[in-house]
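A.B. asks: I am attaching a structure below and will ask some questions about it afterwards.
Protein chains in written order, with my numbering: chain C, 71 to 181; chain R, 24 to 135.
Below is the structure:
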């Protein structure tokens with residue numbers, strides 16, 4: 071079946087620096103992509119989403135980029151803070167609304 | 024706090040048993056989703072209900088079933104439990120479909 075994968079399982083970043091988390095997806099028919107953040111002991115929390123008719127979307131300190139040509143999704147976090155330490159998942163929806171999640175990237179922010 | 028509640032928070036049971044996990048969606052949300060998160064499989068979509076009707080199905084085992092009640096709360100029933108069913112089970116809700124999904128805190132199931 072279709073799957074979404076992340077390039078790196080872990081990412082260590084200095085506080086104040088920008089973070090970039092990458093994700094590759096396999097199904098070119100996917101039309102909706104979401105980034106989730108999961109802190110220890112909690113459920114996934116929505117960060118930002120993007121539909122396939124867009125290539126960039128910005129939120130508060132976060133930007134999602136979608137490159138449909140190479141089926142690549144990225145999440146950029148500006149001025150990374152200690153509270154950004156978590157596992158980040160990208161997810162895609164197939165036409166039947168099922169979310170497929172990647173394996174996750176663990177982000178650790180160094181003080 | 025997402026507004027989605029799940030009970031119980033923890034559940035420990037034995038192989039062969041049956042358990043029921045409960046989810047209350049955010050007020051006004053019509054869609055409920057169930058996910059399983061395990062170390063080896065990651066987050067896996069199980070099933071979605073919309074306004075009481077099954078809407079989409081993922082990799083849900085035949086031993087598992089779910090329903091959404093008229094008050095929109097949902098229950099996930101897991102039967103003939105196996106060790107491999109030990110996982111975190113999350114419920115999420117959204118206003119309709121293809122909306123942002125809000126996840127509950129999860130139920131941690133341990134099968135001994």
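Backbone N, C-alpha and C define an ideal beta-carbon position, used for all residues, glycine too. Since the model is a prediction, treat every value here as computed from it, not as a measurement.
Using a beta-carbon distance cut-off of less than 9 Å, what residues from the segment 113-134 of chain R approach chain C?
C.D. replies: Taking 9 Å as the Cβ-Cβ cut-off against chain C, the residues of the segment 113-134 of chain R that qualify are 113, 114, 115, 120, 121, 123, 124, 125, 126, 127, 128, 129.
A.B. asks: Go through the segment 67-111 of chain R residue by residue and report every complete run of the beta strand (DSSP E) that reaches 3 residues or more, in order.
C.D. replies: The qualifying runs are 76-80, 87-91, 97-101.
A.B. asks: Since residue 145/C sits in a beta bridge, which residues does DSSP pair it with?
C.D. replies: In the DSSP output, where bridge partners are listed per residue, residue 145/C has 91/C, 134/C.
A.B. asks: Strictly under 8 Å for the Cβ-Cβ distance: is residue 136/R near chain C by that measure?
C.D. replies: Because chain R spans 24 through 135 in this model, residue 136/R falls outside it and cannot be assessed.
A.B. asks: By how many angstroms is the C-alpha of residue 93/R removed from the C-alpha of residue 90/C?
C.D. replies: Distance between the alpha carbons of residue 90/C and residue 93/R is about 43 Å.
A.B. asks: How many angstroms separate the CA atom of residue 141/C from the CA atom of residue 32/R?
C.D. replies: For residue 141/C and residue 32/R, the distance between alpha carbons rounds to 37 Å.
A.B. asks: Using a Cβ cut-off of 7 Å, pull out every chain R residue sitting near residue 112/C, in sequence order please.
C.D. replies: Those are 128, listed as they occur along chain R.
A.B. asks: If the cut is a Cβ gap below 9 Å, which residues of chain B does residue 129/C touch?
C.D. replies: No chain B is present in this structure, whose protein chains are C and R.
A.B. asks: Does chain R have any CB closer than 8 Å to the CB of residue 174/C?
C.D. replies: At least one chain R Cβ lies under 8 Å of residue 174/C.
A.B. asks: Hey, residue 95/C and residue 162/C: beta-carbon distance below 8 Å or not?
C.D. replies: Yes.
A.B. asks: Does any residue of chain R have a CB that is nearer than 8 Å to the CB of residue 103/C?
C.D. replies: Cβ-Cβ to chain R under 8 Å: no for residue 103/C.
A.B. asks: Is residue 125/C helix, strand or coil by DSSP?
C.D. replies: Coil.
A.B. asks: Should residue 147/C go down as buried or exposed, given a rule of 16 or more other Cβ atoms within 10 Å for buried?
C.D. replies: Buried: at least 16 other Cβ atoms inside 10 Å.
A.B. asks: With a CB to CB cut of under 6 Å and the five nearest residues on each side skipped, what residues in its chain are close to residue 80/C?
C.D. replies: Excluding residues within five positions, the ones whose Cβ falls inside 6 Å are 176.
A.B. asks: DSSP three-state label for residue 119/C, please.
C.D. replies: In the structure shown, residue 119/C sits in a strand (DSSP, three-state: E or B).
A.B. asks: Can you say whether residue 114/C is buried or exposed, counting buried as having 16 or more other CB atoms within 10 angstroms of its CB?
C.D. replies: Per the 10 Å Cβ criterion, buried.
A.B. asks: Note down the Cα distance separating residue 83/C from residue 93/C, rounded to an integer number of angstroms.
C.D. replies: Near 18 Å, if we compare the C-alpha coordinates of residue 93/C and residue 83/C.
A.B. asks: Going straight from the alpha carbon of residue 117/C to that of residue 155/C, what length do you get?
C.D. replies: When rounded, the distance between both Cα atoms is 13 Å.
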